[in-house]
Amino acid sequence: AYSTKEIQELIRAHPKDELLALIDQYIHHERNREILKRRLLDGICFEPLSEEFGLTPRQCKNIVKECQSIVFEKLLK
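Just so it is clear: in the sequence shown, position 1 is 166 by the numbering used here, and no numbers are missing.
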């Protein structure tokens with residue numbers, strides 16, 4: 166798992182286009198892709214995300230955690 170600081174540093178260190186391309190390439194579930202983009206790139210908090218996607222905040226956190234691990238693993242290779 167990544168700390169908030171590590172996540173922010175990874176996002177700042179890479180162009181938005183690169184992050185978008187990795188998300189599109191490796192996150193196959195459309196809803197999960199959109200949740201990750203809204204959280205990482207738009208900075209939307211979990212409560213508004215949960216309302217937007219009809220999920221609980223816990224479900225959104227789990228989706229983001231799982232998906233960002235996939236993307237960051239590819240990013241750091």
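Cβ atoms here follow ideal geometry from the backbone N, Cα and C, with glycine treated the same way.
Residue i: first and last residue of the uninterrupted alpha helix (DSSP H) it sits in
| i | result |
| --- | --- |
| Thr169 | 169–178 |
| Ala186 | 181–191 |
| Cys232 | 222–240 |
| Ile200 | 195–205 |
Own chain partners of residue i with C-beta closer than 8 Å, once the 5 adjacent residues on each side are dropped
| i | result |
| --- | --- |
| Lys230 | Ala166 |
Between the CA atoms of residue j and residue i - distance to the nearest angstrom
| i | j | result |
| --- | --- | --- |
| Ile192 | Leu205 | 14 Å |
| Ile176 | Glu216 | 24 Å |
| Lys226 | Phe211 | 7 Å |
| Glu183 | Asn197 | 18 Å |
| Leu185 | Lys170 | 20 Å |
| Thr221 | Asp189 | 24 Å |
| Gly208 | Pro180 | 15 Å |
Contact belief for residue i with residue j at Cβ below 8 Å, rounded distance in angstroms
| i | j | result |
| --- | --- | --- |
| Leu214 | Ile235 | Not quite, the Cβ-Cβ distance comes to about 18 Å (not below 8 Å), so this is no contact. |
| Gln224 | Ile172 | With 8 Å as the limit, Gln224 and Ile172 do not qualify as a contact, their Cβ atoms being about 19 Å apart. |
Cβ shell of residue i (< 7 Å), same chain only, five flanking positions each side left out
| i | result |
| --- | --- |
| Lys239 | Leu187, Tyr191 |
| Phe237 | Tyr167, Leu175 |
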